[in-house]
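Undergrad: Residue numbers (my numbering): 2 to 670.
For glycine and all other residues, C-beta sits at the position ideal for the given N, C-alpha and C.
All of these numbers come straight from a predicted model, not from anything done at the bench.
The structure's right below; bear with me while I get my questions together.
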DNA sequence: ATAGGGTTAG
C-alpha cells in the first residue's frame, strides 16, 4: 500500500491533492479512486412520505370530480394544452420541447410538469424547467412553493434559499405556502438554526404564520439539542396568535419531549391534550412510552399499555417495539426476550428492529455473548437486515475488545451485502482500524468515495485516531484539516494529542495549524495547550508565531517557557520585532533580565541600520525601571559614533539614575 | 392551487 510510504517521522510530504487520481472524499489520501455511480443506501422516510402526499392529493382532486367545462372550444384548448404537457414531460430534449410546446402552456400546466419531474427525482430537468418558466414569466405562487419543496427533497437547501431570496414580488415572498415550503426544506435538511432565523426574518417582512408553519417548525425541535425550550416558545407564540392546538401538534410535541428527555413535560402535554377533549391515539401513546424508555420506567409504560387496551386501541408493531425499548433500558432482559417472542408470533418481528433493540441493550450491559446468540438466532430465522444488526454486533465486539470477532463479522457483512451507509461504514472502519487491517481500512474508504455517502464527524475521528496509532501523523493532520474544512469540530483531546505527536516528530507548522483549528472552532481550550504549542514553535524556530502566542495568552504561560522563548527570539527572531517582543514579555508580568537586553542590543549594534530601534529600546527602558549593565553599556559606547554621541550619553545617564534609585531601594529593604 | 404534521433500531 502506497500509504506506508508516509513515514512515521511525519516529514515525508503527501502527494499533491490536486492530482486527478486521488480520492475525492479524502483528497489527501495517496491512492487512486474512481468515482462511480451514486446510489443512496436507503430510501429516506421523507421520500416515501412526500410521494404519498402527492398521490393523496391527486386522489383527492380526482374524487372532487370537478364537472368538465362544456364548451367545445375549452375542451379543444384543454386538449392542446394536455398534449403540450405530455410533449414536454416525455421529451428527451427538454429545451427543444419547451421551445416547441412551451408557448401553449400556462403556469399551472408547467407546474404539472414540475411536479412530475419532482416526483421522479429528476432534479436536473426540474431546475431547467423552472429556469425556463422564470425567463418566460410563467410562474405563479404554486410554482415557487412546489419548486422549493422539490429542491429541498433533492437535498439542496442552499439552492432553495437562493431561490427564495431571489423572489422580488413581495406577495409571493410573504405567501404562507412559499414560506412553509422553504422552512420545511430547511428542517428536513437539518438546518434548523437557519430555519428559525428565516422564520423571524419572514415574520418581519410580513408573513402571517399559520398552524402548518408552527407544525413544520416543531418537527425541527425534535432533532436538536435544546429543542424542548424552542418548542415551548413556539407553542406560546402560536397560542398568542390565536391558533388552535390540534391532535397532531400534540403528537409532535410529545415526540419533541421524548427526544429531549422531558418525561414530565410529556406527561403534562398528554394530560393537557386529554383535558381539551382530544383522545390520545397510538402516536401519542408511542411517544409517551418512548419518553419512559429513557429511564427504563417500565411500570409507567405498562400502565399506559393497560390504558390503551381498556380504551380499545390496538397494540401495533410500533407500540410493542417501543415497549421493548423500555424493558431493555430498564434492564429487564428476560421480559424483553418474552416480548420478542410475542412480537414474533404476531408477525411483528419480520425485520431486525426488535432484535437490534435487545442486542444493543445486551451489548451495552456487557453481555456480548448473549447478544451474539440472539444475532445468530435472528439470522437463522432469515430476518431482513439493513446492516443495523451487524453494526450493533461489530461495534459491540470492538467495545469488548474482541477485535478478531469484529473483523470477522465485518468481512462476512461485506461478503453478503453490498449496501453501505455512514453508520455501517464507520463501524466497519472502526473494526478494521482497531484490528490494524490497513488494506481493509483503505477498502472501506474507497467505498465511501464511490458512494454518495459523505464522511461524518465519526468517520474523521476514527481515521485520525487510527493514523495516530500507526504513527502516520502527517496523514492524521491532513485528515483533521479536511475534517475542519468540511465543517466538523474535532474533539479537543484528539487535537491536543495530535499536536503533541506532530511537535515531537518535527512537524512544527502542522502542529501549529492543528492548534489554530482548535482555537477557531472552540471558544475555550485547555490553557496548558498554549504553552505546549509555544514550546513546539520555539523548537521549530517559528518565532513570529510564538510571539503571537505569548501576546495573546500571557496569563496561561509559565515564566520559564516565556524566558525560553525570549532567549530564542533574541538570538534569531526577526530583528524588527525584538522591541515588540521585549515589551510583550514585560507586560505579561515577566521581568526582563540583563542577559536578554545584552542579546538584543548585541544584535542592534551589529546592524547599523537598526539604530532607531536601539534608541527606542534605550528610551523605553528607564520608564519601566530597567537599565543596561556595564558590559552592554560598553558595547553601545563602542559604536556610539554611529548613533550620535550626545543622544547615547543622555539616554545612558537617564538609565543610571534609574539603576541608582533601584539599588538604593534594594538596600533600604 | 400552492405548504405541513406525530411512533421504533446502529
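So for residue 482, helix, strand or coil by DSSP?
TA: helix
Undergrad: Throw me the rounded Cβ distance for the residue 340 and residue 328 pair, which I believe falls under 8 angstroms.
TA: 6 angstroms
Undergrad: Please classify residue 402: is it buried, with 16 or more other beta-carbons within 10 angstroms of its beta-carbon, or exposed?
TA: exposed
Undergrad: Quick check on DSSP: helix, strand or coil for residue 565?
TA: helix
Undergrad: Who are residue 227's beta bridge partners in DSSP?
TA: Looking at the DSSP assignment, residue 227 forms no beta bridge with any residue, so it has no partner.
Undergrad: With burial defined as no fewer than 16 other Cβ atoms inside 10 Å of the residue's Cβ, what is the status of residue 237: buried or exposed?
TA: Exposed, because fewer than 16 other Cβ atoms sit within 10 Å of the Cβ of residue 237.
Undergrad: Given a cut-off of 9 angstroms, decide if residue 162 and residue 130 are closer than it, judged by their beta-carbon atoms.
TA: It is not a contact, given that the beta carbons lie outside the stated cut-off.
Undergrad: Considering residue 1, what are the terminal residues of the alpha helix (DSSP H) in which it resides?
TA: Past the edges of the chain, shown from 2 to 670, lies residue 1, and the structure says nothing about it.
Undergrad: Tell me, please, which residues DSSP counts as bridged to residue 417.
TA: According to DSSP, residue 417 bridges with nothing at all.
Undergrad: Going by DSSP, what residue range makes up the alpha helix (DSSP H) through residue 148?
TA: 142–154
Undergrad: Here's a check: name, in chain order, each residue in its chain whose Cβ is nearer than 8 angstroms to the Cβ of residue 351, leaving out the five neighbours to either side.
TA: 384, 385
Undergrad: Within 8 angstroms, do at least three Cβ pairs link the segment 230–249 to the segment 202–215?
TA: Cβ pair count under 8 angstroms is three or more, so yes.
Undergrad: Could you say if the segment 307–315 and the segment 262–275 meet the contact criterion of at least three C-beta pairs nearer than 8 angstroms?
TA: No, the segment 307–315 is not in contact with the segment 262–275.
Undergrad: Where does residue 563 land, buried or exposed, given buried means 16+ other C-beta within 10 angstroms?
TA: Residue 563 is buried by the Cβ-count criterion.
Undergrad: DSSP state of residue 310, grouped into three classes?
TA: Assigned with DSSP and collapsed to three states, residue 310 falls in helix.
Undergrad: From the DSSP output, in three-state form, read off residue 470 for me.
TA: helix
Undergrad: Helix or strand or just coil, what does DSSP make of residue 385?
TA: In this structure, residue 385 counts as strand in the three-state DSSP scheme.
Undergrad: Mapping the DSSP letters down to three states, classify residue 170 as helix, strand or coil.
TA: Looking at residue 170 - three-state DSSP - the assignment turns out to be coil, as it is neither helix nor strand.
Undergrad: When DSSP labels each residue in this structure, what does residue 303 get in the three-state scheme?
TA: Reduced to three states, the DSSP call for residue 303 is helix.
Undergrad: Taking the alpha carbon of residue 81 as the reference point, which residue from 107, 92, 97, 405 has its own alpha carbon closest?
TA: 107
Undergrad: Within a Cβ cutoff of 7 angstroms, which residues of the same chain sit near residue 208, ignoring the five residues on either side of it in sequence?
TA: 175, 177, 180
Undergrad: DSSP state of residue 422, grouped into three classes?
TA: coil
Undergrad: Residue 267 lies in the alpha helix (DSSP H); which residues open and close that run?
TA: Start and end: 264–276.
Undergrad: Judging by CA-CA distance, which residue of 355, 335, 332, 296 is the nearest neighbour of residue 320?
TA: Nearest of 355, 335, 332, 296 to residue 320, Cα basis: 355.
Undergrad: Could you check if residue 575 is buried or exposed, using at least 16 other CB atoms within 10 Å of its CB as the buried criterion?
TA: exposed
Undergrad: State the beta-bridge partners of residue 185 as determined by DSSP.
TA: Answer is none; residue 185 lacks a bridge partner.
Undergrad: Quick check: what's the CA-CA separation for residue 653 versus residue 613?
TA: 15 angstroms
Undergrad: Is residue 594 helix, strand or coil when you go by DSSP?
TA: Looking at residue 594 - three-state DSSP - the assignment turns out to be coil, as it is neither helix nor strand.
Undergrad: Tell me whether residue 379 is buried or exposed, calling it buried when 16 or more other Cβ atoms sit within 10 Å of its Cβ.
TA: Residue 379 is buried by the Cβ-count criterion.
Undergrad: From the DSSP secondary-structure annotation, give me the bridge partner or partners of residue 352.
TA: 385
Undergrad: My output table needs one value for residue 123: the three-state DSSP class, helix, strand or coil.
TA: coil
Undergrad: Just to check my reading of the structure: residue 474 and residue 503 have Cβ atoms closer than 8 angstroms, yes? What is that Cβ distance to the nearest angstrom?
TA: 5 angstroms
Undergrad: Residue 245 by DSSP, collapsed to three states: which one?
TA: coil
Undergrad: What would DSSP say about residue 489, mapped onto helix, strand or coil?
TA: coil
Undergrad: Three-state secondary structure (DSSP) at residue 648?
TA: Correct three-state label for residue 648: helix.
Undergrad: Are the beta-carbon atoms of residue 423 and residue 395 separated by less than 9 angstroms?
TA: no
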